[in-house]
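Chain order of the listed sequences is A and B. Position one of the first sequence corresponds to residue 366 (the working numbering), numbered consecutively onward. Position one of the second sequence corresponds to residue -6 (the working numbering), numbered consecutively onward. For each residue, glycine too, the CB sits at the ideal point set by N, CA and C. Bear in mind the structure is a predicted one, so any value in this text is a computation, not a measurement. This report refers to the structure that appears directly beneath it.
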Amino acid sequence: MNPIYDPYLPLGILLLLAIGLGLAIIFLNGILGPKRMSKEKSTPFECGNDPGTNPRQRFDVKFYLTALFFIIFDVEVVFLFPWAVLYREQLLAGNGWFFFAEMVFFLGILTVGLAYVWKRGALDWE
Amino acid sequence: MLHDLMLLAPLDIMIVMSIILLLACVVPVQGTRAFMGRVLALGCTLAFIATAFMWGEPDLQLKSHSFAVALTVGPATQFSWAIILLIGFAIALVSADHLPAQKMDHGEYYALLSFSIVGMMAMVAAREFFTLFIGLEIMSMAIYVLCGFKRSSVFSAEAAIKYFILGSLASGIMLLGIAFAYGTTGTTGIADLGLALRGGNLSDAAQLYATISLVLLLIGFAFKVAAVPFHSWTPDAYEGAPTPITGLMATGVKVAAVVAFLRVFITAFGEVQTALDWPRVVAYMACATIIFGNLAAIGQSNVKRMLAYSSIAHAGYILMAVAALGVHMKRPEATPQEATELTGAILYYLLVYGVANLIAFGALSLFGARNREDIDNFVLSGAARKHPVIALVLSISLLSLAGIPPLAGFFAKFSLFRAVLVHEPELLWLVLVSVLGSAVSAYYYLRPIVRMYMYAEYEPVRVIRSGAAHVALLLTTGLLLHSGLAPTRYQDMSNRAAADMSLADSSPVQEAKKKNDVPLKATALESVQDDHLSSR
Chain A
366 MNPIYDPYLP LGILLLLAIG LGLAIIFLNG ILGPKRMSKE KSTPFECGND
416 PGTNPRQRFD VKFYLTALFF IIFDVEVVFL FPWAVLYREQ LLAGNGWFFF
466 AEMVFFLGIL TVGLAYVWKR GALDWE
Chain B
-6 MLHDLMLLAP LDIMIVMSII LLLACVVPVQ GTRAFMGRVL ALGCTLAFIA
44 TAFMWGEPDL QLKSHSFAVA LTVGPATQFS WAIILLIGFA IALVSADHLP
94 AQKMDHGEYY ALLSFSIVGM MAMVAAREFF TLFIGLEIMS MAIYVLCGFK
144 RSSVFSAEAA IKYFILGSLA SGIMLLGIAF AYGTTGTTGI ADLGLALRGG
194 NLSDAAQLYA TISLVLLLIG FAFKVAAVPF HSWTPDAYEG APTPITGLMA
244 TGVKVAAVVA FLRVFITAFG EVQTALDWPR VVAYMACATI IFGNLAAIGQ
294 SNVKRMLAYS SIAHAGYILM AVAALGVHMK RPEATPQEAT ELTGAILYYL
344 LVYGVANLIA FGALSLFGAR NREDIDNFVL SGAARKHPVI ALVLSISLLS
394 LAGIPPLAGF FAKFSLFRAV LVHEPELLWL VLVSVLGSAV SAYYYLRPIV
444 RMYMYAEYEP VRVIRSGAAH VALLLTTGLL LHSGLAPTRY QDMSNRAAAD
494 MSLADSSPVQ EAKKKNDVPL KATALESVQD DHLSSR
């Protein structure tokens, strides 16, 4: 009793299950959940600016700054990942301190950037 | 690692300098701003001295693998570093009193200036495509901001946005070229690309990638050196940017871009037959650049705009020599000595052109008193009577750019044209175009001089009083005169640098590859295709 099936079949089943579960939760929520709507709740993003207006409307430059800082420090984490993956290998090869110092230096420069941004007041919302 | 950091001392000094200047913008101590220009000039001087110490040492090599793969510190790098640091020194001193007069005295200016110098230095020292690209981006990003640094000015904003959009497009094109180079060899080493092409056992796909890479890199570098037809951003960006920054763009950016261009093309595409005959393309580009630059400069009444077009023309002369070098290296009987002579002529030309332009823009920036932005011929009228020193250094630099005999500009042009004629007589037509272009250029270079010396004041001439700028101008003028009076000395230096230009001889990447016995020809994509075919 060892039926020959495609090795990808379980994966397909998992995919169907995941889609089904996702759809079920969305619709069940709509059917069963209480509905007390307000203007804020009906917007796609509860924070931030109103998406449903004239696109030529001006919006606050602070949003732009926040997004920019988010990207900068997010990309920093992206650089940390390959470093962390390679670290063990380099440690065994005897390059541990060099490899460590490189990352400390990189983070140090980023910290200088953070210090600058902070002191300039770019992180204050008001 | 310590040994390598010592060898990279000029770069280290400038990086530390950038960080110090950035932090100095936010320390709550009054009066730091007044010193920042001088501090940056001091940093450039220290780095210059460190470079000068390295110059005498034979055969400097970086030891640790990570540094050795990415950077090279031979005479070519040192020579380019020296020019770049000289430019940084002069621009920092000229800016010191220019910024308050133009009502844009923010400390970030010097931090950005310092970062752009770091970028240039990394770019000319790069042994590998990504280091080159990162250097290019550090330089460009800082200069995009500096272009628009005068926030109250519409022209400055226009310059910044034009330079930013076209500059990032060029960077994107160049990055795609690098990606295709990686597709050919599987490494990002510049020398590896040349090695793979020379090996001759590339598959058709890899051959195609190499050609695409060549075209994209050529377009990217043409943008950066402002060669026709990729020059359109130059006049507006040069005119709108603050005058010291225009000086930086006309000298530093051009030096860094030309040196990197030479490095990549000599090393990777020099001695091989490529599907695209790139020296011919560069020759036609040079021809169009020389004609367009010189003709468009004639009609300009704004001196900054005139110098922008003239810098396009000078890029044309340099490209002419690059084309000659390319044709020459493809000959089977070519010797390295002859190629070195051509490269040396280009480097000497770069030095003289850079110094002369530096003086010209430095002197022009002094006319920006009382928040004045456009510097046209009327502003200069009659300036010689009241301000003889400024008028004199400006005249010397313009005459040198025009190539009038006792000045360095003449020897630079002469040795460039001579090298092309001696080694590539078939480019005679292009040399004739260049000579005619130079003759035309005398007209527009002489016009501001005539205005300064032979006209009455159109309006009262006001200049910025600046001791720092005078020090920078007199020092650079002294250098320009000396390089004209003793040209052989500077030519020897540039020839020594030129001999080190190619990265092909010893690549740490190749050595590592040989050790691991990885076949160089296999590309990532091809091996995937091979797997696919064999599985079927």
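Contact set between residue i and chain B, taken where Cβ atoms lie within less than 8 Å
i      : result
A:Y481 : L15, L16, C18 and V19
Reduced DSSP category for residue i - H, G, I as helix; E, B as strand; rest coil
i      : result
B:L64  : strand
B:E121 : strand
B:G49  : coil
A:G459 : coil
A:G395 : helix
B:N364 : helix
B:G402 : helix
B:N488 : helix
B:G182 : strand
B:N295 : strand
B:M494 : coil
A:K406 : coil
B:A268 : coil
A:R453 : helix
B:R26  : helix
Run of the alpha helix (DSSP H) containing residue i, from where it starts to where it stops
i       : result
B:I171  : V147 to T178
B:N370  : N370 to L373
B:C18   : No alpha helix (DSSP H) holds B:C18; DSSP gives it neither H nor E.
B:S390  : P381 to A395
B:W422  : L421 to M447
B:S476  : G460 to L478
B:E331  : P329 to S358
B:H(-4) : L(-5) to L0
B:E232  : T227 to G233
A:D489  : Careful: A:D489 lies outside any alpha helix (DSSP H) and carries neither H nor E.
B:K217  : D197 to V218
B:T239  : T236 to L241
B:L255  : K247 to F262
Contacts of residue i in chain A (Cβ-Cβ under 8 Å)
i     : result
B:I12 : I474 and V477
6 Å CB neighbourhood of residue i in its chain, flanking five on each side removed
i      : result
B:V87  : P237, G355, S358, A462 and A465
B:A405 : Y341, Y342 and V345
B:R378 : none
B:A281 : V221
B:F216 : A163 and F223
B:A243 : S304 and N350
B:S390 : A349, I352 and A353
B:L33  : A85, Y103 and S107
B:F254 : F214
B:T181 : E121, F122, F123 and Y175
B:Y448 : S374 and G375
Contacts that residue i makes with chain B (C-beta to C-beta distance below 9 Å)
i      : result
A:F463 : M(-6), S57 and S59
Listed by chain order, chain B residues near residue i by CB distance under 7 Å
i      : result
A:K484 : V19
Proximal residues to residue i (C-beta, below 7 Å), its chain only, five neighbours per side dropped
i       : result
B:I(-6) : Here residue -6 of chain B is Met; the residue named in the question, Ile, does not match the sequence. Closer than 7 Å at the Cβ level, and outside the excluded window around B:M(-6), lie S57.
B:N7    : In the sequence under discussion, the amino acid at residue 7 of chain B is Met, which differs from the Asn named in the question. Closer than 7 Å at the Cβ level, and outside the excluded window around B:M7, lie G36, A40, S107, I110, V111 and M114.
B:L312  : A220, V275, M278, A279 and T282
A:Y429  : none
B:A332  : L318, H321 and M322
B:M494  : A69, L255, R256, I259 and T336
B:I442  : S388 and L391
B:Q484  : G337, Y341 and S408
B:R26   : D98 and G100
B:T38   : F82
Contacting residues, own chain, Cβ-Cβ under 8 Å from residue i (five flanking each side not counted)
i      : result
B:N364 : A94, Q95 and K96
B:F428 : In the sequence on display, residue 428 of chain B carries Val and not Phe. Result list for B:V428: F410, in chain order.
B:S145 : K96 and M97
A:F464 : W448, L451, Y452, Q455 and L456
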